[in-house]
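See below for the structure under consideration.
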Amino acid sequence: EEFAPKSLMQQITIDAILVALWYTFSISISVYNKWMFSRSHDKGLDFHFPLFTTSIHMVVQFALASLVLYVMPQFRPRAEEEYSEVGGEATRNSKSLMTKWFYFGRITPCGTATALDIGLGNFSLRFISLTFYTMCKSSVLGFVLINAFLFRLEKPTWRLCAIILVMTAGVVMMVAGETAFNAAGFALVMTASFCSGFRWSLTQLLLLRHSATSNPFSSILFLTPVMFVALLSLALAIEGPSDVFYGLKALASARGGLLTFGLILFPGFLAFMMVSAEFALLQRTSVVTLSVCGIFKEVLTISAAGLIFGDDLSPINVSGLIVTMFAIAAYNYVKYLGMTQ
Numbered sequence: 023e024e025f026a027p028k029s030l031m032q033q034i035t036i037d038a039i040l041v042a043l044w045y046t047f048s049i050s051i052s053v054y055n056k057w058m059f060s061r062s063h064d065k066g067l068d069f070h071f072p073l074f075t076t077s078i079h080m081v082v083q084f085a086l087a088s089l090v091l092y093v094m095p096q097f098r099p100r101a102e103e104e105y106s107e108v109g110g111e112a113t114r115n116s117k118s119l120m121t122k123w124f125y126f127g128r129i130t131p132c133g134t135a136t137a138l139d140i141g142l143g144n145f146s147l148r149f150i151s152l153t154f155y156t157m158c159k160s161s162v163l164g165f166v167l168i169n170a171f172l173f174r175l176e177k178p179t180w181r182l183c184a185i186i187l188v189m190t191a192g193v194v195m196m197v198a199g200e201t202a203f204n205a206a207g208f209a210l211v212m213t214a215s216f217c218s219g220f221r222w223s224l225t226q227l228l229l230l231r232h233s234a235t236s237n238p239f240s241s242i243l244f245l246t247p248v249m250f251v252a253l254l255s256l257a258l259a260i261e262g263p264s265d266v267f268y269g270l271k272a273l274a275s276a277r278g279g280l281l282t283f284g285l286i287l288f289p290g291f292l293a294f295m296m297v298s299a300e301f302a303l304l305q306r307t308s309v310v311t312l313s314v315c316g317i318f319k320e321v322l323t324i325s326a327a328g329l330i331f332g333d334d335l336s337p338i339n340v341s342g343l344i345v346t347m348f349a350i351a352a353y354n355y356v357k358y359l360g361m362t363q
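The opening position of the sequence shown corresponds to residue 23 in this note's numbering, with each subsequent residue numbered one higher.
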């Protein structure tokens with residue numbers, strides 16, 4: 023019993039460190055992407071190719087996931103085994119871990135939706151502030167619920183419908199209070215938010231409880247090739263191969279080849295570390311705890327955007343953000359009640 027308080031303090035300390043790491047990597051990648059893809063208050067690299075750059079991040083994450091799975095075999099997905107009786111004796115047959123049907127029928131739709139979520143979100147940062155981006159992305163929960171209703175993953179209740187309505191009101195208030203409103207940026211970030219909600223439903227339907235995607239490292243290994251192809255295809259169609267080439271050439275001339283290489287690869291490392299910290303935290307706590315921590319992370323991101331980029335917040339912006347955060351907190355409370363009953 024003497025060691026109980028010490029053990030509890032140790033657990034709290036480790037959880038606090040993981041939360042701090044998750045916040046650090048998540049906020050860092052948001053700030054970095056805004057700095058890289060636009061120029062706000064004379065701050066930023068203003069590199070015009072977010073889709074191409076994000077596709078390269080997928081290569082980095084694939085390489086890091088491969089390294090983790092090589093060094094730490096406990097995270098390697100294992101093939102499912104079947105037993106059959108032949109001649110009165112039980113024989114063990116290993117099922118293929120990854121089939122063509124599973125890859126193209128399940129992995130590909132999830133990877134494409136995830137690529138659109140990340141790619142369009144990064145693209146929107148060329149047109150809108152990091153503060154407005156963060157506020158709009160806080161509406162993801164509403165899209166998660168709507169898609170969950172459509173795919174019958176969640177049963178519609180008056181509480182959940184009320185949460186969606188309150189969240190919608192919050193987003194409308196945030197948009198109404200945006201002094202530097204940009205329609206293209208808003209359309210991109212809301213499409214990214216919809217894709218985020220859609221991919222969560224697809225993940226639950228297609229990938230949940232499958233050994234090939236049993237942890238984030240194996241998921242990254244299988245999903246990132248699809249995401250790379252989807253993002254690179256968009257980049258070639260929208261940004262143009264010649265423009266990307268001359269953009270990289272101009273950046274290398276201004277910053278040097280080695281630094282350009284690092285500038286493009288670095289966010290891929292940040293994203294991988296963020297996912298790793300999130301996974302470690304989820305293993306030690308719960309989804310509800312992570313969601314509550316996520317609310318505070320949004321507030322910190324907006325604070326960082328104000329300090330670094332000088333983003334302004336109007337009273338209506340703040341009111342809309344509070345309404346949206348209230349809806350997220352209410353959802354977590356409803357889920358908590360459901361888990362305890």
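Even glycine gets a Cβ: it sits at the ideal position worked out from N, Cα and C. As the structure is a prediction and not an experimental result, all values here were calculated from the model.
Just verifying my parser: in three-state terms, what is the DSSP assignment at Y105?
Bear in mind that the predicted position of Y105 carries a pLDDT of just 48, short of 50, making it too unreliable to give a figure here.
Under 8 Å, with one C-beta from each stretch per pair, do the segment 74-92 and the segment 322-331 reach the 3-pair mark?
Too few Cβ pairs lie closer than 8 Å, so no.
Measure from the alpha carbon of T134 to the alpha carbon of each residue in L67, M347, L292, F220, then state which is nearest.
Ranking L67, M347, L292, F220 by CA distance to the CA of T134 puts F220 first.
Spatially closest choice to V211 from L228, F239, I150, P178, by CA coordinates
I150
Compare the C-alpha of L89 against each of T225, R100, F239, K28 and name the closest.
F239
In chain order, what residues of the same chain lie with their CB nearer than 7 Å to the CB of F173, ignoring the 5 residues before and after it?
S223, L227
Would you report the Cα separation of T346 and F69, rounded to the nearest angstrom?
32 Å
Three-way DSSP call (helix, strand, coil) for A62 in this model
Per the sequence presented here, residue 62 reads as Ser, with Ala not at that position. Looking at S62 - three-state DSSP - the assignment turns out to be strand.
Apart from the five residues on each side of it in sequence, which residues of its chain come closer than 7 Å, Cβ to Cβ, to E200?
Its chain contains F154, N339 as the residues whose beta carbon lies nearer than 7 Å to that of E200, once the 5 sequence neighbours on both sides are disregarded; these appear in chain order.
Give me the residue from I344, A327, P337, A299 with the minimum Cα distance to T45.
Checking the displayed sequence, the identity of residue 45 turns out to be Tyr instead of Thr. Considering only alpha carbons, the answer is A299.
Less than 7 Å between C-beta atoms, sequence neighbours within five positions excluded: which residues of the same chain meet that for M189?
S161, L163, G164, T346, A349
Buried or exposed: where does S264 fall if 16 or more other Cβ atoms within 10 Å of its Cβ makes it buried?
exposed
Whose CA, out of E320, F171, N144, lies closest to the CA of T213?
N144
Candidates E320, P337, S341: which alpha carbon is nearest S52's?
E320
Compare the C-alpha of F216 against each of I317, W180, L138 and name the closest.
Checking every option, the nearest Cα to that of F216 belongs to L138.
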